[in-house]
Amino acid sequence: MSETTPAPATATPAKPAPKAAPAARHAEKKPAVTLATMTPEMNAVQQHFGEVLIQPAPFEGFLVTDPAKVRDVALFLRDQLHFEMLSNQTAVDYPAENVIEVVYHVSHISGGRPLCFKTRVPRDESVAVPSVTPVYPGAEFQEREIYDMYGVRFSEHPDLRRILMWEGFNGWPLRKDWKEAYYEGDTKPFDSRWPGGHHKLAEERVPWADNVNYPPGFDPNAYVSNPDGNLYESMLTGTNGHELSAPEIDIGADTVVGVEPGLKTDQIIVNMGPQHPSTHGVLRMVVRIDGETITDLKLVLGYLHRNHEKIGERNTWLHNIPYTDRLDYICGMANEMGYVIAVERMMGIQPTERAEYLRVIMAELTRIQSHFWAIGFVLNDLGAFYTPALYFITERDLIIDLFEAVTGSRMMCNYMRFGGVARDFTPEQLARARELVFERIPRAIDELERLLSDNEIIKARTIGVGYMSAERSIAYSLTGPCLRAAGVPYDIRRADPYSIYDRFDFDIPVLYGGDVYDRYRIRVLEMRQSLRILEQALNQIDQTPAGDIQAGKKAYNHRVPAGQTYARVETPKGELGFYLVSDGGQNPWRYHVRSSSFINLNSMREMTIGQKVADAVVILGSLDIVLGEVDR
Amino acid sequence: MAEVATNHPMDEIKNDPRVPAELNNNVFITTLDKLYNWGRKRSMWPMLFGLACCAIEMICTAASRHDLARFGWELMRPSPRQADLMIVSGTVTKKMVPQIVRLYNQMPEPRYVIAMGACATSGGPFKEGYNVVSGIDKFLPVDVYIPGCPPRPEALLHGFIKLQEKIEKQSLRTVSWYRKGEATVVPVPVLGPDLTDLRRAQEIVGRVQANQTEAVQPAA
Chain A
528 MSETTPAPAT
538 ATPAKPAPKA
548 APAARHAEKK
558 PAVTLATMTP
568 EMNAVQQHFG
578 EVLIQPAPFE
588 GFLVTDPAKV
598 RDVALFLRDQ
608 LHFEMLSNQT
618 AVDYPAENVI
628 EVVYHVSHIS
638 GGRPLCFKTR
648 VPRDESVAVP
658 SVTPVYPGAE
668 FQEREIYDMY
678 GVRFSEHPDL
688 RRILMWEGFN
698 GWPLRKDWKE
708 AYYEGDTKPF
718 DSRWPGGHHK
728 LAEERVPWAD
738 NVNYPPGFDP
748 NAYVSNPDGN
758 LYESMLTGTN
768 GHELSAPEID
778 IGADTVVGVE
788 PGLKTDQIIV
798 NMGPQHPSTH
808 GVLRMVVRID
818 GETITDLKLV
828 LGYLHRNHEK
838 IGERNTWLHN
848 IPYTDRLDYI
858 CGMANEMGYV
868 IAVERMMGIQ
878 PTERAEYLRV
888 IMAELTRIQS
898 HFWAIGFVLN
908 DLGAFYTPAL
918 YFITERDLII
928 DLFEAVTGSR
938 MMCNYMRFGG
948 VARDFTPEQL
958 ARARELVFER
968 IPRAIDELER
978 LLSDNEIIKA
988 RTIGVGYMSA
998 ERSIAYSLTG
1008 PCLRAAGVPY
1018 DIRRADPYSI
1028 YDRFDFDIPV
1038 LYGGDVYDRY
1048 RIRVLEMRQS
1058 LRILEQALNQ
1068 IDQTPAGDIQ
1078 AGKKAYNHRV
1088 PAGQTYARVE
1098 TPKGELGFYL
1108 VSDGGQNPWR
1118 YHVRSSSFIN
1128 LNSMREMTIG
1138 QKVADAVVIL
1148 GSLDIVLGEV
1158 DR
Chain B
3 MAEVATNHPM
13 DEIKNDPRVP
23 AELNNNVFIT
33 TLDKLYNWGR
43 KRSMWPMLFG
53 LACCAIEMIC
63 TAASRHDLAR
73 FGWELMRPSP
83 RQADLMIVSG
93 TVTKKMVPQI
103 VRLYNQMPEP
113 RYVIAMGACA
123 TSGGPFKEGY
133 NVVSGIDKFL
143 PVDVYIPGCP
153 PRPEALLHGF
163 IKLQEKIEKQ
173 SLRTVSWYRK
183 GEATVVPVPV
193 LGPDLTDLRR
203 AQEIVGRVQA
213 NQTEAVQPAA
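Going down the list, the sequences are from chains A and B.
Those letters in the first sequence? Residues 528 to 1159, per this note's numbering, in order.
Those letters in the second sequence? Residues 3 to 222, per this note's numbering, in order.
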């Protein structure tokens, strides 16, 4: 339970943190004063690397003063201190000091708080950071995202291209001095809206009368757009750096089923998506195939990049809650929970007992309906078109009805608040929830299993398909049901407990197949565990006073003390983390979403190589991504 | 046959006085427009095409509770070549809009566009984002706008019914797709330093030259 109490280390003494504090950090290189607050892990790093590290006070972690040493530090952390997984990697821009900070969070697979380390590079792109992909392959997409958003280069990265925006886009959008076309002000609410302002249509306000900006000298008639040129070329010639990072993949002719060894065949490149019925949204898979067999696969993301983080940094703290609903839009409540926990940790407040129970009930119901959805659509991808999905959408609709009754919205619930929730359950709604949890859903899950678990076609199509070992899954930072289906009992609810999950009696189901079939079965098992939690929560909630759902007074303008935090929750898709930096103002200085869908997609390439095209669709379905969370 | 006053749309056709009594119920007289519109408004084939959150509600609309099939629209086609109706269900991003326009151009006439939800209508909550298009109507002609974030399945059904009403009012004599001349093709926007609408190319050239000296960023 120590996790819900605010960590004192996150509070900064200096008021405008991004300006004043780090200058002092640089000046004072001797760690004499700070040694007392150092954890044993940091001490070990300090002893091993000596001068390259300092440990500044204002955050839980340490700073690697020499960016060139980052990979060595990561290797030391992974191999000597057993931080096996890279949870999160992002960057923060501090224009006042002319630096961009690259932030890493690494975790033990056995649990505990993640360890944070950072490094700083000048904003002028003169210094490249060594890529940590050789140590943590899961960094690949995250480093590409940092490059895309901040222009930080990573040396020896296998495939450093823009990921969310397209090649050729002008500027590094998440830098603080980069302004979008509709820029109106740094913080909301804008003066034109409140109080008593007269808002003008954005189109009438901006010079281009549209959401665009062109650099000087741009001529659309002469411009040659080639956003995919490098991608196709590297895939055709096989010159992409990936073979270096994953040498164990043998894509030689011997592994190509149905092709005689030595027979020369042509490989072709096929685009699946962004408009494709099986890509679960606007994802694009570029596949190099030899007959039916996939020899290479690359994902093109960003078709739903809605600039969540840039908008989030303009919003006030409270504004962001409804936006988090739209991250992973199947399970909005789970996202909200992650965000409010992160902000509560920074503010040092605790929700009321009743609110904690309501949050857990909502989060677990969300998990069940999300897994219903995921299983239904894996079956869709397998060719059982829509019939199983119809069964499960019916059940999901019942849960959604409860959400609607309580919160007013089916999907975008906007339910959680800092220190509580927005509305209490009425006794009728509680009775309805009990009816669902004790009667309806268990039977629906029984029926689901009866229909699917022993189905011969499902077994033939899924067992052994999309296999990934436990070691590779951890290396790729795979989280959620997919990781647990590979035999790793890693669930944030147990590994780094939050809210009141430590009160409930439940198990973390683990399967060892690491294939699509086990990823399906683990979701069934998790739904049963969620029901166990729900049964306990619904029994215990009566001991809390009804209506006591908000700690302190309702507030609209929250002041969050300067500091930073990384809070994470276990959503149905995996580890959802929020890395927040506050400068004490009314909006976040940095608002980063560690999205599980996005990082889970890292491993897709390795899972699909050597499989058939039709299986790529199923593997993608088994990862259960939601594009809103992938692209943000 | 007894004259029973009901509101059934077939009654008008059935009881037409121009038809001799002995041929009643065997010969129907109607206008070509009516027959044509009656048929096609009840067998729209939407494109299986989802962009974001609204697509989830679209799937729910097609599922058993709301059952799109009651209205004859359940046949979702993954290929634009076989579809009549594009439901733009979600945020239109700059990176995606070239594909959406291309899909629209590939749809055969008559074709319709529904802008589902706040994002497809105007950019919605994400309007200020640097990668977000302020509504699909910047590029495609939209027939029905459905408000909501996301619209409920009932709202989508209502939008469909509104589209039916619109189709009912169309006449073979005026519809564009039986006219001479080339079909209208929306030029596919180009992903340059920013999204470039080729219909505005001349304006962009002129303005960029005029702004050469001053900053292109809007004033804060």
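Even for Gly, the Cβ is constructed at its ideal location relative to N, Cα and C.
Please read all numbers here as calculations on a predicted model, not as lab measurements.
Beta-carbon spacing of residue i, residue j below 7 angstroms
i         : j         : result
A/Gly875  : A/Gly1007 : no
A/Gly665  : A/Asn1129 : yes
A/Val933  : A/Gln956  : yes
A/Leu1107 : A/Ala861  : no
A/Ser1149 : A/Arg988  : no
A/Leu1103 : A/Ser1123 : yes
A/Ile848  : A/Glu871  : no
B/Gly119  : B/Cys56   : yes
A/Glu694  : A/Pro754  : yes
A/Gly712  : A/Trp705  : no
A/Val948  : A/Ile1076 : yes
A/Tyr830  : A/Val814  : no
A/Ala1022 : A/Ala997  : no
A/Asp1042 : A/Tyr1003 : no
B/Thr95   : B/Ala54   : no
Cα-Cα separation between residue i and residue j, rounded to whole angstroms
i         : j         : result
B/Tyr38   : A/Met676  : 52 angstroms
A/Ile778  : A/Gly744  : Legend: pLDDT at A/Ile778 = 45, less than 50; position of this residue unreliable, value from coordinates given subsequently. So the alpha carbons of these two residues sit roughly 46 angstroms apart.
B/Thr186  : A/Arg1020 : 56 angstroms
A/Glu760  : B/Trp75   : 42 angstroms
A/Pro700  : A/Glu836  : 10 angstroms
B/Phe30   : B/Val21   : 7 angstroms
B/Glu2    : B/Asp86   : No information on residue 2 of chain B is available, as it lies outside the stretch 3 to 222 that chain B covers here.
A/Asp651  : A/Tyr1118 : 22 angstroms
A/Glu1156 : B/Asn27   : 58 angstroms
B/Pro149  : A/Pro734  : 28 angstroms
A/Ala960  : A/Arg950  : 15 angstroms
A/Phe945  : B/Glu170  : 51 angstroms
A/Ile816  : A/Asp593  : 43 angstroms
A/His832  : A/Ile838  : 12 angstroms
B/Gly208  : B/Asn133  : 24 angstroms
A/Val1087 : A/Phe899  : 37 angstroms
A/Lys596  : A/Arg1132 : 29 angstroms
A/His1085 : B/Tyr114  : 46 angstroms
A/Pro969  : A/Arg894  : 14 angstroms
A/Tyr856  : A/Val1120 : 14 angstroms
A/Val786  : A/Leu691  : Low confidence applies to A/Val786: its pLDDT is 45, below 50, so where it sits in the model is not reliable, and the reading given next is rough at best. In a straight line, the C-alpha of A/Val786 is about 37 angstroms away from that of A/Leu691.
A/His575  : A/Tyr866  : 36 angstroms
A/Ala749  : B/Gly194  : 11 angstroms
Cβ distance (whole Å) where residue i is taken to contact residue j below 8 angstroms
i        : j         : result
A/Val662 : A/Leu602  : 5 angstroms
A/Glu880 : A/Thr1098 : Wrong, their Cβ atoms sit about 23 angstroms apart, outside the cutoff.
A/Leu687 : A/Val659  : The Cβ separation is near 13 angstroms, so there is no contact.
A/Leu824 : A/Ala1143 : 7 angstroms
A/Val739 : B/Asp196  : 5 angstroms
A/Phe668 : A/His635  : That pair is no contact at about 22 angstroms.
B/Pro191 : B/Phe141  : 7 angstroms
A/Phe696 : A/Arg689  : 7 angstroms
Cβ-heavy atom distance, residue i to the ligand HEM, below 6 angstroms
i        : result
A/Arg923 : Among the ligands in the structure shown, none appear at all, so the ligand HEM cannot be discussed.
Inset, instruction - Identify each residue in the region 906-924 of chain A for which the Cβ-Cβ distance to at least one residue of chain B is less than 7 angstroms, and report them in chain order. - result: The region 906-924 of chain A vs chain B, Cβ under 7 angstroms: Leu917, Ile920, Thr921, Asp924.
Inset, instruction - Would you list, in chain order, the members of the region 28-57 of chain B that have their beta-carbon closer than 8 angstroms to a beta-carbon of chain A? - result: Taking 8 angstroms as the cut-off between beta carbons, the residues of the region 28-57 of chain B near chain A are Leu50, Phe51, Gly52, Leu53, Ala54, Cys55, Ala57, in sequence order.
Legend entry - At least 3 beta-carbon pairs within less than 8 angstroms: the region 121-131 of chain B vs the region 911-920 of chain A: Below 8 angstroms, too few C-beta pairs join the region 121-131 of chain B and the region 911-920 of chain A to call them touching: fewer than three.
Inset, instruction - Quick one: which residues of the region 877-907 of chain A get their C-beta closer than 7 angstroms to a C-beta of chain B? List them in chain order. - result: Among the residues of the region 877-907 of chain A, none has a Cβ less than 7 angstroms away from any Cβ of chain B.
Inset, instruction - Give, in chain order, every residue of the region 180-192 of chain B whose Cβ lies closer than 8 angstroms to some Cβ of chain A. - result: Close to chain A, meaning a Cβ-Cβ distance shorter than 8 angstroms, are the following residues of the region 180-192 of chain B: Val192.
Legend entry - Cβ-based contacts, 8 angstroms cut-off: residues of the region 723-742 of chain A near chain B: Listed in sequence order: Ala729, Glu730, Arg732, Val733, Pro734, Trp735, Asp737, Asn738, Val739, Asn740, Tyr741, Pro742.
Inset, instruction - Check each residue of the region 1094-1115 of chain A: if its Cβ is closer than 8 angstroms to any Cβ of chain B, include it; give the result in chain order. - result: Residues: none.
Inset, instruction - Could you run through the region 673-692 of chain A and flag, in chain order, every residue whose CB is less than 7 angstroms away from some CB of chain B? - result: Contacts with chain B (Cβ-Cβ distance below 7 angstroms) from the region 673-692 of chain A involve Met692, listed in chain order.
Inset, instruction - Decide if the region 890-910 of chain A is in contact with the region 1087-1094 of chain A; the criterion is three or more beta carbon pairs, one per stretch, under 8 angstroms apart. - result: Pairwise C-beta distances place the region 890-910 of chain A out of contact with the region 1087-1094 of chain A, as fewer than three of them are shorter than 8 angstroms.
Inset, instruction - Mind checking the region 122-139 of chain B against chain A and listing, in chain order, the residues whose C-beta falls within less than 9 angstroms of any C-beta there? - result: Only Gly125, Pro127, Phe128, Lys129, Glu130, Gly131, Tyr132, Asn133, Val134, Val135, Ser136 from the region 122-139 of chain B bring a Cβ to less than 9 angstroms from some Cβ of chain A.
Legend entry - Within 9 angstroms of chain A by C-beta, residues of the region 83-98 of chain B in sequence order: Shown in chain order are the members of the region 83-98 of chain B whose Cβ falls below 9 angstroms from a Cβ of chain A: Gly92, Thr93, Thr95, Lys96, Lys97, Met98.
Inset, instruction - Can you give me, in chain order, the residues of the region 798-821 of chain A that have a beta carbon less than 8 angstroms from any beta carbon in chain B? - result: For the region 798-821 of chain A, residues whose beta-carbon sits nearer than 8 angstroms to a beta-carbon of chain B comprise Pro801, Gln802, His803, Pro804, Gly808, Val809.
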